[in-house]
Amino acid sequence: MVKNMMKILLVVAGLLYMSSCTTAYAAVKKSKHPDKLVIWWAQWAPADGLQKVAAEFAKAEGIPVEVKQIPWPEFQIKAFQEFGNKVTDFDILIGDSQWLGKAAQEGWYVDLTEFVKKGGVDMSDIAPSISKYLCKTADGKIWAAPCEPDAIGIVYRADLFKKHGIKKPKTWYDILAAAQKIHKADKKINGWVSPAFGDGDATTMTYQNFLYAFGGKWGNVKGGKYTAKGVVNSKEAVQALDFYKKLLATSSPELAKAGYGGSLEKFTNGSTAICMTFFAFFPGIAEVGAKKKWDLEYMPIPPLKEGAKAIASLGGQGFSISTKTSKKKQDLAKKFISWFNKKETQMKWIENPGCFTCSKSVMNDPKYITKSPYNKAFKESLPILVDFWNIPEYAELLNAVQEHLPEAMSGKKTSKRALNDIAKKHQATFDKKNK
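This note's numbering applies: residue 233 is where the sequence shown begins, and numbers increase by one.
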């Protein structure tokens, strides 16, 4: 699931490897070639990578593939609008995990359950967290096949840690202590930065890491009934939000209110020691770090304390097939999806900037860890991933969090009051759903 936040990849210059040969469609043009397989995705580096590997599929199968890239701010709107047509321009949509419930309810996506069961994709080779959150709805039906997984992780300046005599962090308390020590020693250096404000789902997906670390969650589901009251605003949730605010306090007031773009800018300009964000941003960060000769370390989201369970926010998108395209195109789409998820294709896929794999066999290949400095941390992140809601009401739930959490982070409300406001709105949404 990532998300609307990924639009910021286009804002921070130099953080992406943008292709000069792939066309980005701000105003999407209809495809006229009758045999062409058309894929819609957001405008970013992995879409360039997909076009590159798809060229090999076209060469081998004689089926041309076009990856149309749409700017992130417009992607969901244009995709959902396209489903209002009798026939969609795309045969495959690479959409967020959070869209699954809505798309399934509206009948937009082809049910891929039988296709997968018959061997279309070897789900036994797919990381369980990806299968659960990126591909399925709560009823176990599969509406998306693995494409681009993502996770929130941490990158930090090991050279600054060494300068201040700080050991390699293992827990959230270690991270907080390091951020506080570095910022206290030099006010010009921010201890911590994360996309805590704005940018679609930034606040929600960053806070979620702390929510689960402290033992909280977004709600309870029992007997098909959803409950938010007393859960979203639990004491664990309050503790999690208060802890997050302590980390944000190790930054300048301006930086503490940064979104995805602002947090990346402040880390890559050398003014910050620790950054928490999605792995999809790490290729650009690694490039900047290499040029500036920094010693960067990458790590998965840590547990609250040693021996505790760590939980990280999931991001990414999966392949979904439109119900509003021909049966022939649907069959071609399935053929492409099967080809893409083969190990030999995945080994080529991960050679491209920002392109991650869902395949356990690929990640267990000795060559995988050597491909990038952050691949090891990404692999370690997959078993601990959780997502936000992917039920049809997800947008309503997300908006409530995005509205009220920043009020606590900015000091306008206490953590408890902000979480009470979220719980109230979530419960109202669930009350309608539970009828």
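Note that the Cβ used here is the ideal one computed from N, Cα and C, for glycine as well. Only a predicted model underlies this, so the values are computations on that prediction, with no experimental measurement involved.
Excluding the five sequence neighbours on either side, which residues of its own chain have a C-beta within less than 7 angstroms of the C-beta of residue i, listed in chain order?
{"i": "V270", "result": "S263, E298, K300, D321, F322 and D323"}
{"i": "L651", "result": "V464, N465, A469, V470 and L473"}
{"i": "P412", "result": "A small correction: the amino acid at residue 412 is Gln; Pro does not occupy that position in the sequence shown. Cβ within range, chain order: G423 and T482."}
{"i": "L332", "result": "T369, W375, A376 and N622"}
{"i": "L629", "result": "W621, H658 and T661"}
{"i": "C590", "result": "I358, A359, I362, P378 and P381"}
How many angstroms separate the CA atom of residue i from the CA atom of residue j?
{"i": "K561", "j": "H396", "result": "59 angstroms"}
{"i": "S251", "j": "A660", "result": "Confidence at S251 is low in this model, with a pLDDT of 37, below 50, so its placement is unreliable and the value that follows should be read with caution. If you take the alpha carbons of S251 and A660, they lie about 45 angstroms apart."}
{"i": "K373", "j": "G339", "result": "13 angstroms"}
{"i": "K477", "j": "I398", "result": "22 angstroms"}
{"i": "K657", "j": "V633", "result": "9 angstroms"}
{"i": "L479", "j": "T436", "result": "16 angstroms"}
{"i": "G447", "j": "V618", "result": "13 angstroms"}
{"i": "K402", "j": "S604", "result": "21 angstroms"}
{"i": "D354", "j": "W276", "result": "27 angstroms"}
{"i": "D433", "j": "W581", "result": "27 angstroms"}
{"i": "S444", "j": "G430", "result": "It is Tyr, not Ser, that sits at residue 444 in the sequence shown. Roughly 21 angstroms between the two C-alpha positions."}
{"i": "P296", "j": "S570", "result": "16 angstroms"}
{"i": "A256", "j": "G462", "result": "At A256, the pLDDT of 44 sits below 50, so the modelled position is not reliable; the number obtained from the coordinates is stated separately. Taking the straight line from one Cα to the other gives about 45 angstroms."}
{"i": "K599", "j": "G491", "result": "34 angstroms"}
{"i": "F315", "j": "K268", "result": "19 angstroms"}
{"i": "K664", "j": "Q313", "result": "25 angstroms"}
Looking at the strands, I want to know which residues DSSP matches up with residue i.
{"i": "V297", "result": "L269"}
{"i": "G548", "result": "P381"}
{"i": "I202", "result": "There is no way to answer for residue 202, as the model of the chain reaches only from 233 to 667."}
{"i": "G327", "result": "G550"}
{"i": "N422", "result": "T504"}
{"i": "Y444", "result": "In the DSSP output, where bridge partners are listed per residue, Y444 has none listed."}
{"i": "V387", "result": "C507 and Y530"}
{"i": "S668", "result": "With the chain covering 233 to 667 only, the question about residue 668 has no answer from this structure."}
{"i": "S591", "result": "I358"}
{"i": "I341", "result": "Before going further, note that residue 341 is Tyr rather than Ile in the sequence given. DSSP, once it has assigned bridges, lists S554 as partnering Y341."}
{"i": "L473", "result": "Paired residues: none, contrary to the question."}
{"i": "V618", "result": "S545"}
{"i": "A274", "result": "I302"}
Excluding five sequence neighbours on each side, which residues of the same chain lie with their C-beta closer than 6 angstroms to the C-beta of residue i?
{"i": "E529", "result": "Y388 and A390"}
{"i": "P515", "result": "P585 and G586"}
{"i": "A609", "result": "G385, Y530, M531 and P532"}
{"i": "F307", "result": "A274"}
{"i": "S329", "result": "M233, Y365, L366, D619 and N622"}
{"i": "A565", "result": "D323, I324 and I553"}
{"i": "K498", "result": "V425, L487 and T504"}
{"i": "F442", "result": "A472, F475 and Y476"}
{"i": "A512", "result": "D382 and G586"}
{"i": "K232", "result": "Shown here, the chain extends from 233 to 667; a query on residue 232 therefore has no answer."}
Return the first residue and the last residue of the beta strand (DSSP E) that residue i is part of.
{"i": "V348", "result": "Element bounds for V348: not the beta strand (DSSP E) but the alpha helix (DSSP H), T345 to K349."}
{"i": "T459", "result": "K457 to T459"}
{"i": "K454", "result": "N452 to K454"}
Quick check on the DSSP output: the alpha helix (DSSP H) that includes residue i runs from which residue to which?
{"i": "V319", "result": "Premise fails: V319 is in no alpha helix (DSSP H) and is neither H nor E."}
{"i": "S647", "result": "S647 to N666"}
{"i": "N631", "result": "Y626 to M641"}
{"i": "H415", "result": "W404 to A417"}
{"i": "A609", "result": "N607 to S613"}
{"i": "I601", "result": "P598 to T602"}
Could you confirm whether any beta carbon from chain D is found closer than 8 angstroms to the beta carbon of residue i?
{"i": "G451", "result": "Absent from the structure: chain D. Only one protein chain is present."}
Going by beta carbon distance, what residues of the same chain come within less than 8 angstroms of residue i, once the five residues before and after it are set aside?
{"i": "A640", "result": "L473, K477, T646, S647, R649, A650 and L651"}
{"i": "N501", "result": "none"}
Subject >> 3-residue-minimum beta strand (DSSP E) runs that sit fully inside the segment 494-540, ordered along the chain >> reply: 504-510 and 528-532
**OP:** Can you check the segment 550-580 for any alpha helix (DSSP H) of at least 4 residues that lies completely inside it and give the ranges in chain order?
**Re:** 559-572
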